[in-house]
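A.B. asks:
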Amino acid sequence: MRTTSLLLVAFILFVNGCATSDREPADSLKRTEVGEIQEETTQGGSKGVARPEKPEAALSSSAARYADSTRRFLRTGDLRFRTADVVRTTFRIEELIAKHGGYVAETRLRSEVDRRYTTPISADSVLETTKYRVINQLTVRIPAMALDTTLKSLISYVDFLDHRTLSATDVRLMLLRDRLARTRIAKHESRLTKAIDEQGNKLKDAAQAEAQLLDRQEQADETTLNTLDLEDRIAYSTLTLDIYDRERTQRTVLPNDANIEAYEPGFGTKALDALQTGWSLLLQLALLLMRSWSVILLALVSFFLYRKYRARK
-5 MRTTSLLLVA FILFVNGCAT SDREPADSLK RTEVGEIQEE TTQGGSKGVA RPEKPEAALS
55 SSAARYADST RRFLRTGDLR FRTADVVRTT FRIEELIAKH GGYVAETRLR SEVDRRYTTP
115 ISADSVLETT KYRVINQLTV RIPAMALDTT LKSLISYVDF LDHRTLSATD VRLMLLRDRL
175 ARTRIAKHES RLTKAIDEQG NKLKDAAQAE AQLLDRQEQA DETTLNTLDL EDRIAYSTLT
235 LDIYDRERTQ RTVLPNDANI EAYEPGFGTK ALDALQTGWS LLLQLALLLM RSWSVILLAL
295 VSFFLYRKYR ARK
């Protein structure tokens, strides 16, 4: 009996162990399949849905940030866009340029009238309507290293972008040409100086050599200035901004001077005005006489005394 019980317990334990081992591979397989399905779904979603482009990418460009130790880039840009308020945006852009170490080289803020017309609204008045836009053209200089950052910062002021043009011109060969020219001129200048010193009292030859030396010095100065100009344009990028806003409307009430004669009063009205004016003058004269009664009385007394005096004679 005891042996039978032990065999029964051993059989039950064996069956439970087999069931557990069967469930574990199934659960593992299920988890693996679910993980694979989720991974495929994630990958498929990333492939099927295009990532939205960052707003800064509309103005940024590799031409504004590409750097190479072996090249010297001269960067320029040209932007035209619509903004909500040109005047306010101009002030913000000027502050932004100064913040990045640049400066405003030129700004031309103006109003451009599209059309203007008048509409009669009464017998003596017209309504003048003016359709116009506010436009500003700015030329700014920005440190080359801050050009890309500045372009990304400008996106907050753009309502509609008309165009964006950026260029990066490698000018290392131009700088090399200027450097070689300066070397040649320096050598020639040295030889001319030596020749002048050796000529001694030969005034004519010395004068010609001096003229050639002066010409070479002018060429050297011109080459140096050209190199400095290139270095400045490399260090500071030039950005041209053409900004405008939506069409605005201004309405003003003005007097109608064009047909003023058509609205003049008639003869009857003028006659009535003349009678009123005459009556007013008569009243003013009466009031003047009333105010001058003392003078009139003195004049009458003087007159009677004078007549009495004449009668006695």
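Read in order, the letters of the sequence shown correspond to residues -5 to 307 in this note's numbering. A virtual CB, placed ideally from N, CA and C, is assigned to each residue, including glycine. Bear in mind that the values here come from a model prediction, so they are computed numbers and not experimental data.
1) Inspect the CB distances between the segment 67 to 75 and the segment 157 to 168 and report whether three or more fall short of 8 Å.
2) Just tell me which of N130, A99 and S116 has its CA closest to the CA of E249.
3) Name the residue from A138, T143, D215 and Y303 whose alpha carbon lies nearest to the alpha carbon of D226.
4) Specify, as a first and last residue, the run of the beta strand (DSSP E) that A99 falls within.
5) Between the alpha carbons of L282 and G272, how many angstroms are there, rounded?
6) What first and last residue would you give for the beta strand (DSSP E) that runs through E241?
7) Can the beta-carbon of L73 be found less than 9 Å from the beta-carbon of D236?
8) With which residues is E122 paired in a DSSP beta bridge?
9) Taking Cβ to Cβ, would you say K133 is nearer than 9 Å to V98?
10) Short of 6 Å in beta carbon distance, which residues of its chain neighbour E122, apart from the five on each side in sequence? Order them along the chain.
11) Out of R242, L279, M284 and A140, state which residue places its alpha-carbon closest to the alpha-carbon of S105.
12) Starting from H157, follow its DSSP beta bridges and name the residues at the other end.
13) Under the rule that 16 or more other beta-carbon atoms within 10 Å means buried, what is G96, buried or exposed?
14) Return the chain-ordered list of same chain residues with a C-beta closer than 6 Å to the C-beta of I228, the five sequence neighbours on each side being excluded.
15) Please tell me whether Y126 and V107 are closer than 9 Å, where the distance is taken between their beta carbons.
16) Look up V152 in the DSSP assignment and say whether it is helix, strand or coil.
17) Quick check on DSSP: helix, strand or coil for A162?
18) Classify T159 as buried or exposed, calling it buried when 16 or more other Cβ atoms lie within 10 Å of its own Cβ.
19) Compute the distance between the beta-carbons of I136 and Y230, then report whether it is under 9 Å.
20) Given that a residue counts as buried once 16 or more other Cβ atoms are within 10 Å of its Cβ, and exposed if not, what is F261?
21) Please name the residue or residues paired with N130 in a DSSP beta bridge.
22) If I measure Cβ to Cβ from A305 and keep anything under 6 Å in the same chain, skipping five residues before and after, which residues do I get?
23) Considering only the beta carbon of each residue, do T101 and R110 sit closer than 9 Å?
24) Rounded to the nearest angstrom, what separates S147 and L219 at their Cα positions?
25) Indicate, with yes or no, if the ligand GTP has a heavy atom lying under 8 Å from the CB of L141.
26) On a CA-only basis, which of R176, I91 and N130 is nearest F75? Give me that one, please.
27) Determine the direct distance from the alpha carbon of T163 to that of S184, and round the result to whole angstroms.
C.D. replies: The structure says:
1) The segment 67 to 75, when compared against the segment 157 to 168, does touch it at the 8 Å Cβ threshold.
2) Here residue 249 turns out to be Pro, not Glu, going by the sequence shown. Cα-wise, what sits closest to P249 is S116.
3) Minimum Cα distance to D226 is reached at A138.
4) Residue range Y97 to P114 is occupied by the beta strand (DSSP E) that includes A99.
5) About 15 Å.
6) Per DSSP, E241 belongs to no beta strand (DSSP E) and is neither H nor E.
7) Less than 9 Å separates the beta-carbon of L73 from that of D236.
8) For E122, which the question treats as bridged, DSSP gives the partners T112 and T246.
9) Looking at the sequence shown, residue 133 is not Lys but Thr. The answer is yes: Cβ separation under 9 Å.
10) Answer for E122: T112, T246 and L248, listed in chain order.
11) For S105, the nearest C-alpha among the options comes from R242.
12) R74.
13) Buried, by the Cβ-count rule.
14) Excluding positions up to five away in sequence, the list reads R66 and L68.
15) Result yes, Cβ atoms of Y126 and V107 sit closer than 9 Å.
16) Coil.
17) It is a strand residue.
18) With fewer than 16 Cβ atoms within 10 Å of its Cβ, T159 is classed as exposed.
19) Their beta carbons are under 9 Å apart, which means I136 touches Y230 by this criterion.
20) Its Cβ having fewer than 16 others within 10 Å, F261 is exposed.
21) In the DSSP output, where bridge partners are listed per residue, N130 has L103 and I237.
22) Excluding sequence neighbours, A305 sits near nothing in its chain.
23) Inclusion of T101 and R110 in the CB contact set at 9 Å is not warranted, their separation being larger than that value.
24) For the pair S147 and L219, the Cα-to-Cα distance works out to about 34 Å.
25) With respect to the ligand GTP, the structure offers nothing, as it holds no ligand at all.
26) The residue with the shortest Cα to Cα distance from F75 is N130.
27) Taking the Cα positions, S184 is about 35 Å away from T163.
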